[in-house]
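Below you'll find the structure, written out as structure tokens, and then a few comments.
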Amino acid sequence: ALAATSKVRQTPVIALMALSVHSLNGSRPNVAGIGMFVQPERYMNIFKGMKARRIGVIHNPAKSGWYLRQAQQSAHQAGIELIVRTVQGPRDTLNQLESLAGKVEALWMLPDTTAVTRDTAEAYFRFSQEQRIPVISFAAAYLGLGAAAVVEIDRVELGRQASDLVIGFLTGKDSGASFDYPQKTLIKANQSVLKHLGIHTRHLDLSSFEHGS
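For the sequence shown, my numbering assigns the number 2 to the initial residue and increments by one for each residue that follows.
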């Protein structure tokens, strides 16, 4: 949908949950938006609660390299090491997962359409079972497949945040592109997976958790 507006140059465009919105880098001053990526610090808090310090991440630099650079800074501040693997196509994901065997204490699944596809998603959870490590993802749909926890965007609050962007454009307060992180997220956990992996809920801040299936 965002790509379809490429010829719109004057009318303000507000993009929500668009994977490519951050990659515009101000090239379209009439476009503002809130993407699929969440502040890295919110994931770091989960990893710390799970006492996981070495985190595996697979990504395509062209899709999410900008985010990994920010995540590396957040991880360093949190005392966490990101073990990063890059892919150029979905087929690379399986080999890169294998290269992480025995080297990580958790997997971080990003909303990267090269690294995570319908065909490769199952491989993450198969790896999780074989290595007995949690997968932390970005959408509640993955809880049923085997994710230990997810950081999901609160869509009601997303609408409110988007309305502020619209008002900013209409009142002239925002005259240029603005690409924000979602202000509010929901952390949902799969208690069955946590129990299977021996991760005790007392290690986690359950005040911010919703329980998944």
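Where a beta carbon is used, it is the ideal one built from N, C-alpha and C, also for glycine.
None of the values given here were measured: they were computed from a predicted structure.
Contact under 8 Å by Cβ, residue i with residue j
i: M37; j: P112; result: yes
i: I59; j: T6; result: no
i: I15; j: L171; result: no
i: Y182; j: V22; result: no
i: M45; j: A79; result: yes
i: V136; j: L144; result: no
Coarse secondary structure for residue i, derived from DSSP in three states
i: A63; result: helix
i: A116; result: coil
i: R43; result: helix
i: K189; result: strand
i: G103; result: coil
Separation of residue j from residue i, as counted between CA atoms
i: S129; j: L25; result: 34 Å
i: K105; j: A33; result: The question names Lys, yet the displayed sequence has Val at residue 105. If I take the Cα positions, the gap works out to 37 Å.
i: F180; j: P62; result: 19 Å
i: L207; j: L83; result: In this predicted model, L207 has a pLDDT of only 46, less than 50, meaning its place in the structure is not dependable; the value taken from the coordinates is given anyway. The alpha-carbon atoms of L207 and L83 are separated by roughly 24 Å.
i: F126; j: V194; result: 11 Å
i: L108; j: P13; result: 38 Å
i: D120; j: K174; result: 44 Å
i: I56; j: A149; result: 14 Å
i: R86; j: G66; result: 11 Å
i: P30; j: A4; result: 15 Å
Of the residues the options, the one placed nearest residue i, counting alpha carbons only
i: A2; options: M18, Q11, T12 and R10; result: M18
i: A190; options: Q162, K64, R161 and F139; result: F139
i: R54; options: V117, I81 and E99; result: I81
i: Q89; options: H201, V117 and I168; result: V117
Whole-angstrom C-beta distance between residue j and residue i, which should lie under 8 Å
i: A163; j: I35; result: 6 Å
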